[in-house]
Amino acid sequence: MADSVKRQIRDGVAEGEQVPVICLLDSWDKAASLQIFRHFMIGLCDNIVGGRAQAKGVVTVAFEQPVEVFTDEVLFQHKASSRDWFQVIDCYSDPLGWEESARDEAETEDPQPSACSCTVRDIRDLECLTTSILKRGNASLGQQTSERFAVLFDSISVLLRFHSLPAVISFLDKLRANERVSTILFLAHADLHEPRVISSLEYFSTTVISVMPLPEVSSESEDFDSFGGGSLRIRQKRRNGRVRQQIEEFHLGHSGIKLFPKEKIVPPSSGKSNVPKVQFNLELSEKEREDRANVILPFEHQGNGSETKIYDGRERARLASSLPAADKSSVHEATSKSDTPGGNVLGAIHYLRDSDDERPDSDEDPDDDLDI
Amino acid sequence: MLGLAEPFSHYARIARKQGCNLQTMRDSGRLVFLEQSQFLSLQRNGKDEGSSATSFSDNPLAAVYLKVREAARGNMEVNSATEGAVHTCVMIDDASVLDIIAGGNHNFVLDFLHYCRALSVRKQRCSVVLLTHQDVYEEPPAFSMNLALEYVSDTVVTVEPLSTGLAVDVHGQVTILHRTVQMEYQRLKSKPRSRIQKYQFRILESTVQFFRPGQL
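Chains as they are written, first to last, in my numbering: chain A, 902 to 1273; chain B, 18 to 233.
See below:
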């Protein structure tokens, strides 16, 4: 399924369709979401180098991570070839222009703007940001001016801190409407914003990927390769109007991130025991296991041939059903007699089992058939 | 170091207990200590003039940042004379005081912390150590602040009392959560740390003793 998202990023916009917008929502588990973001970014870069992608250039807008996080990764993989088509806009080092104004006063050396990155000094100005994205995008295309480029945002949450939701959405919408843009991929921290904001982003995007961390128990294990993992819920709006949702597991290891469908996942602790490490022995040996299986528990049928009788409070009812119908009335008479005070019949306890009123499958959840 | 909560003598006393002389470090220029009173006066001046604290931003913490930056850069010059590699660490005690300087505006605080993180000295990023109080931000208007602070950080260390109550031998527990996968680990193929580490601690006369739960 993640492959289908990769394909979607690769294929970009189809004739007469809107530009696909992929929204990556995470909650608190930044490590994982950044890895997933990079996973898609590297996938796209591979496709661009291989000439398979519709996009011919990439513009990454770095809000939350230093630019090196992205450039190093790509340069590491693709060496010199990435110089032009991989562009980064640095909104990390000086998003509000404090450095710039300090530099004017302090007269320090101006860092040389590198070929593939530029710095935005004021992210409060969305117009300016749009312009620089488009400028960088065109730079990434070089001579192929009729081609398209992809735009990646490492976190839209920073923008949402400075701008209202409508402003951010219209900013994204402008990018989407631009004819040079092939795909937009952005990351957002779902738990930092109101649910309203997140659902607006979800409505806006074609594909929503939610990162859900695994329960704490499994990530706590000190396994060598289980640095962390979780599941992805991928929801794709298809062109024919259908929505496809799939859940996929991911695993963070040495070689980056591994994705696999949920069914195929083998829990990392399989083959090993789940028993916590303690000084005394909690495991059973083979012999102990055998011995345990041989113990006859007191409520079990002892195997002497007779029928097992377990009192279930319905002795009288069973008696009544076993008698012929004519005798049933006499049983009733007997009971009614015993009710009368001073009668000669020995005292009897009347007990009506509560569970007799219930349906046989009463231990099932009564709301089970509801589709919530 | 941004000592907003306590005076320098407090930190010096604690450090001496642990065998570290802050005063000498301060004299040699390796430690720059910025006190709260400096910033409050900055803020007051700004208010007296009826304008913002700095010309380029309405954020009073921008001025604080400039001080930190200046200190870090100055620090570099001192260090470069002696050693080759320099690594600067900005320590902030504590972030809730930043809130007060910022006039209760959390966005200002987050901006400031962002700049501290992005601050680089000679192409080498500084590290930031930050102390904050979780319960300060538990009220509804500020509840996302804790999360936002955690998003800013790579490692979150939570200190809390034992959930089972007070004990003589164990004074509390520390949970360390590593939030980012270090890229070096991937490159060097070395063993990554486990994601969550839990320790219990006991405060001794001059140090703190850490041990794994149940292994006192």
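Note that the Cβ used here is the ideal one computed from N, Cα and C, for glycine as well.
Nearest candidate by alpha-carbon position, reference residue i, set the options
i         : options                                       : result
A:Arg908  : A:Arg939, A:Ala954, A:Cys924 and A:Ile937     : A:Ala954
A:Ser1083 : A:Gly951, A:Ile1250 and A:Gln919              : A:Gln919
A:Ala1040 : A:Gln988, A:Leu1060 and A:Ser1071             : A:Gln988
A:Gln1146 : A:Ile1135, A:Leu1153 and A:Glu1189            : A:Ile1135
B:Ile213  : B:Thr175, B:Gly182, B:Gln232 and B:Ala184     : B:Thr175
A:Lys1075 : A:Leu1030, A:Glu1001 and A:Glu965             : A:Leu1030
B:Gln35   : B:Phe50, B:Val225 and B:Val81                 : B:Val225
A:Ala1089 : A:Glu916, A:Asp1268 and A:Ser934              : A:Ser934
B:Ile118  : B:Gln217, B:Leu21 and B:Gln232                : B:Leu21
A:Lys957  : A:Gln1180, A:Gly1043, A:Ser1106 and A:Gly944  : A:Gly1043
A:Glu969  : B:Arg43, B:Asn124, B:Arg47 and B:Gln141       : B:Gln141
A:Ile946  : A:Leu1160, A:Phe971, A:Pro967 and A:Val922    : For clarity, residue 946 of chain A is Cys in the given sequence; the question names Ile instead. Answer by Cα proximity: A:Phe971.
A:Val960  : A:Leu925, A:Glu1028, A:Lys1036 and A:Asn1079  : A:Lys1036
A:Ala1091 : A:Ile949, A:Val922, A:Ile910 and A:Asp927     : A:Asp927
A:Val1144 : A:Tyr1104, A:Pro1067 and A:Arg1193            : A:Tyr1104
A:Phe1087 : A:His1064, A:Asn1182, A:Ala1051 and A:Pro1067 : A:Ala1051
B:Asn163  : B:Arg86, B:Ser113 and B:Pro230                : B:Ser113
Any chain A beta carbon closer than 9 Å to residue i
i        : result
B:Ala79  : yes
B:Tyr168 : yes
B:Ala135 : yes
B:His104 : no
B:Ser180 : no
B:Ser144 : no
B:Tyr216 : no
B:Asp128 : yes
B:Tyr154 : no
B:Asn124 : yes
B:Ala165 : yes
B:Leu83  : yes
B:Ser26  : no
B:Ser69  : With a pLDDT of 43 at B:Ser69, under the threshold of 50, the predicted position of this residue should be treated as unreliable, and no value is reported.
B:Asn38  : no
B:His188 : no
B:Arg86  : yes
B:His150 : no
Residue interval of the alpha helix (DSSP H) (run including residue i)
i         : result
A:Thr1032 : Leu1027 to Leu1042
B:Met42   : Leu39 to Ser45
A:Ala1078 : Leu1066 to Ala1078
B:Cys133  : His123 to Ala135
B:Asp116  : Ala112 to Ile118
A:His1090 : Run containing A:His1090: none in the alpha helix (DSSP H); it sits in the beta strand (DSSP E), Val1082 to His1090.
B:Phe25   : Phe25 to Lys34
A:Asp1192 : Glu1187 to Asn1195
A:Ser1058 : Ser1058 to Phe1063
Endpoints, beta strand (DSSP E) assigned at residue i
i         : result
A:Ile910  : Unbroken run through A:Ile910 is the alpha helix (DSSP H), Ala903 to Asp912; no beta strand (DSSP E).
A:Phe1050 : Arg1049 to Phe1054
B:Tyr216  : Ile213 to Ile220
A:Phe987  : Phe987 to Asp991
B:Val225  : Val225 to Phe228
B:Ile193  : Gly189 to His195
B:Leu147  : Ser144 to Leu148
A:Glu1095 : No beta strand (DSSP E) holds A:Glu1095; DSSP gives it neither H nor E.
B:Glu177  : Thr172 to Glu177
C-beta neighbour in chain B for residue i, strict 9 Å
i         : result
A:Asp995  : yes
A:Ser999  : Ser is not the amino acid found at residue 999 of chain A; the sequence shown has Trp there. Yes, A:Trp999 counts as interfacial toward chain B.
A:Ser1058 : yes
A:Leu883  : Past the boundaries of the shown model lies residue 883 of chain A; chain A is included only from 902 to 1273, so the question cannot be answered.
A:Asp1092 : yes
A:Phe1063 : yes
A:Ala1249 : no
A:Glu965  : yes
Bridge partner(s) assigned by DSSP for residue i
i         : result
A:Glu1103 : Beta-bridge pairing links A:Glu1103 to no other residue.
A:Cys946  : DSSP lists no partner for A:Cys946.
A:Val1144 : A:Lys1138
A:Asp927  : A:His1090
B:Glu52   : B:Gly20
A:Ser1002 : Looking at the DSSP assignment, A:Ser1002 forms no beta bridge with any residue, so it has no partner.
A:Lys1159 : A:His1152
A:Leu1133 : A:Val1112 and A:Glu1149
A:Val922  : A:Ile1085
A:Thr1277 : The question about residue 1277 of chain A has no answer, for chain A in this structure spans 902 to 1273.
B:Ile109  : B:Leu19 and B:Leu147
Q) At which residue ranges does the region 957-985 of chain A contain complete alpha helix (DSSP H) runs of 4 or more residues, listed in the order of the chain? A) 968-979
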